[in-house]
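>
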Amino acid sequence: MSLNIPIKNKPLSILVNNVLPTVLTVVVLVSLYKWWILRDTVKVADMGNVVVYADKNMRGMDSLAVVAAFGQADSMLLAKGCDLTDEVTIIIVKDRHSFRKRTAHLNSLALGVSLWPFSTIMLMPPDFKTMKQPARFIDRPAASVWAHELCHFWQRESRGWLTGLYDNWFNKWKSEGFADYVAGSSSFHVGQGKKIFIENAEEHDNLTADEGIWGNSYFYFLSRLRTEYLMNEKGLSQKEFWNVDYDEEELAVLDNEIRSALANGTFDIEQMR
Numbered sequence: 003m004s005l006n007i008p009i010k011n012k013p014l015s016i017l018v019n020n021v022l023p024t025v026l027t028v029v030v031l032v033s034l035y036k037w038w039i040l041r042d043t044v045k046v047a048d049m050g051n052v053v054v055y056a057d058k059n060m061r062g063m064d065s066l067a068v069v070a071a072f073g074q075a076d077s078m079l080l081a082k083g084c085d086l087t088d089e090v091t092i093i094i095v096k097d098r099h100s101f102r103k104r105t106a107h108l109n110s111l112a113l114g115v116s117l118w119p120f121s122t123i124m125l126m127p128p129d130f131k132t133m134k135q136p137a138r139f140i141d142r143p144a145a146s147v148w149a150h151e152l153c154h155f156w157q158r159e160s161r162g163w164l165t166g167l168y169d170n171w172f173n174k175w176k177s178e179g180f181a182d183y184v185a186g187s188s189s190f191h192v193g194q195g196k197k198i199f200i201e202n203a204e205e206h207d208n209l210t211a212d213e214g215i216w217g218n219s220y221f222y223f224l225s226r227l228r229t230e231y232l233m234n235e236k237g238l239s240q241k242e243f244w245n246v247d248y249d250e251e252e253l254a255v256l257d258n259e260i261r262s263a264l265a266n267g268t269f270d271i272e273q274m275r
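Counting from 3, one number per residue, gives the positions in the sequence shown under this note's numbering.
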């Protein structure tokens, strides 16, 4: 978007006619989107930098349980040295249709999604009696899911927007693996994941693809497995974890190293439950 106000000074003309209108347009669009997704919601909790909303008249809604779960999620982040200070809006939607419509994740089975440009997390509702998130392979504690999504915002805050985007696009296993490492769980059975990981070394790439039989759920488990191994067994610091890149061959070597550690018992995967 641009204007055509006659200004002789070229840098000032670019600022007034091109930069400012573009920035204003983006601000207006972001504001409109935030207004749209917050329609028909009620504030459930205000925890300083994190504010939680939920769709009106949500069945079984328990504000106290939500506050307690978010307290647990925050503790999970702090336990791993992740102190989130950015302001984040969280919206618990009533059903999958509402989740897809408001996030444009039309085919997604995700339990939550972090919308970085809008500083917003969209969440599927848990079972408010058990505070578990029903998932495809295994029900997961709601606090764990919420910690995972909050961790993505901590990654953006601590590593910066551009580096965070790079991680998400080119180091997705690190981005998702670290978030599940902080959350202390995955949407996949540990025993089943271990069996698949050990027995399918030669066809492993096919299993971690979105179109694979296990899809994203197994990919997230694998990412967490790698992260747990590097952080807990190899003793990498957070800085070392993020700064060391692995190409495909190096990842294959790492995976085989983890298989050996699992086989000889030097890496106890059961601690990941």
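Every residue, glycine too, gets a C-beta built ideally from N, C-alpha and C.
(1) Can you find the residues in the same chain that come closer than 7 Å, C-beta to C-beta, to S116, ignoring five residues on each side of it along the sequence?
(2) I think Q240 touches A145, with their Cβ atoms under 8 Å apart; what is that distance to the nearest whole Å?
(3) Do the segment 79 to 98 and the segment 52 to 69 make contact, defined as three or more Cβ pairs closer than 8 Å?
(4) What is the DSSP secondary structure of V30, reduced to helix, strand or coil?
(5) Which residues bound the alpha helix (DSSP H) around I198?
(6) Check whether the Cβ atoms of V32 and P127 lie closer than 8 Å to each other.
(7) Tell me the residue span of the beta strand (DSSP E) that contains A112.
(8) Name the two residues that bound the continuous alpha helix (DSSP H) containing D169.
(9) I need the boundaries of the alpha helix (DSSP H) containing R105, first residue and last residue.
(10) Using only alpha-carbon positions, find the residue among V28, V69 and T24 that is nearest to V46.
(11) With a CB to CB cut of under 8 Å and the five nearest residues on each side skipped, what residues in its chain are close to N51?
(12) Is it a yes or a no for the segment 100 to 114 touching the segment 164 to 183, going by three-plus beta-carbon pairs under 8 Å?
(13) Could you round the C-beta distance between E235 and F269 to whole angstroms and report it? I think they count as a contact, below 8 Å.
(14) Name the residue from D182, Y220 and F180 whose alpha carbon lies nearest to the alpha carbon of K196.
(15) Just mark N218 as buried or exposed, buried being the case when its beta carbon has 16 or more other beta carbons within 10 Å.
(16) Give me the Cβ distance between R142 and Y183, rounded to the nearest whole Å; I'm assuming they're in contact under 8 Å.
Reading from the atomic positions:
(1) Walking along the sequence shown from the start, residue 116 turns up at place 114. Once the five neighbours on either side are set aside, the close Cβ partners of S116 are I123, E151, H154 and F155.
(2) Position 238 of the sequence shown, counting from 1, holds the residue named residue 240. Position 143 of the sequence shown, counting from 1, holds the residue named residue 145. 22 Å between Cβ atoms; not a contact.
(3) yes
(4) Here the question's residue 30 lines up with position 28 in the sequence shown. The answer is helix: DSSP assigns V30 an H, G or I state.
(5) Position 196 of the sequence shown, counted from the start, is the residue given in the question as residue 198. That run of the alpha helix (DSSP H) goes V192 to E201.
(6) Position 30 of the sequence shown, counted from the first residue, corresponds to residue 32. Position 125 of the sequence shown, counted from the first residue, corresponds to residue 127. Against a cut-off of 8 Å, the Cβ pair of P127 and V32 comes out as no contact.
(7) Working through the sequence shown from its first residue, we reach residue 112 at position 110. DSSP places A112 outside any beta strand (DSSP E), giving it a letter other than H or E.
(8) Within the sequence shown, residue 169 is the residue found at index 167, counting from 1. Secondary structure note for D169: its alpha helix (DSSP H) is the uninterrupted segment W163 to F172.
(9) Translated into positions along the sequence shown, residue 105 becomes position 103. The sequence shown places Thr at residue 105, rather than the Arg named in the question. Taken as a continuous stretch (DSSP letters only), the alpha helix (DSSP H) holding T105 covers R98 to T105.
(10) Looking up residue 46 in the sequence shown gives position 44. Ranking the options by Cα distance to V46, first place goes to V69.
(11) By one-based count along the sequence shown, residue 51 stands at place 49. Here the set comprises L86, T87, D88, E89 and V90.
(12) These segments do not touch.
(13) Indexing the sequence shown from 1 puts residue 235 at position 233. Indexing the sequence shown from 1 puts residue 269 at position 267. Correct: roughly 5 Å between the Cβ atoms.
(14) Taking the sequence shown and counting its residues from 1, the one referred to as residue 196 is at position 194. Among D182, Y220 and F180, the Cα nearest to that of K196 belongs to Y220.
(15) Here residue 218 is taken as the residue at index 216 of the sequence shown, counted from 1. Burial call: buried.
(16) For the purposes of this step, residue 142 is taken as the residue at position 140 of the sequence shown. For the purposes of this step, residue 183 is taken as the residue at position 181 of the sequence shown. About 14 Å; that fails the 8 Å criterion.
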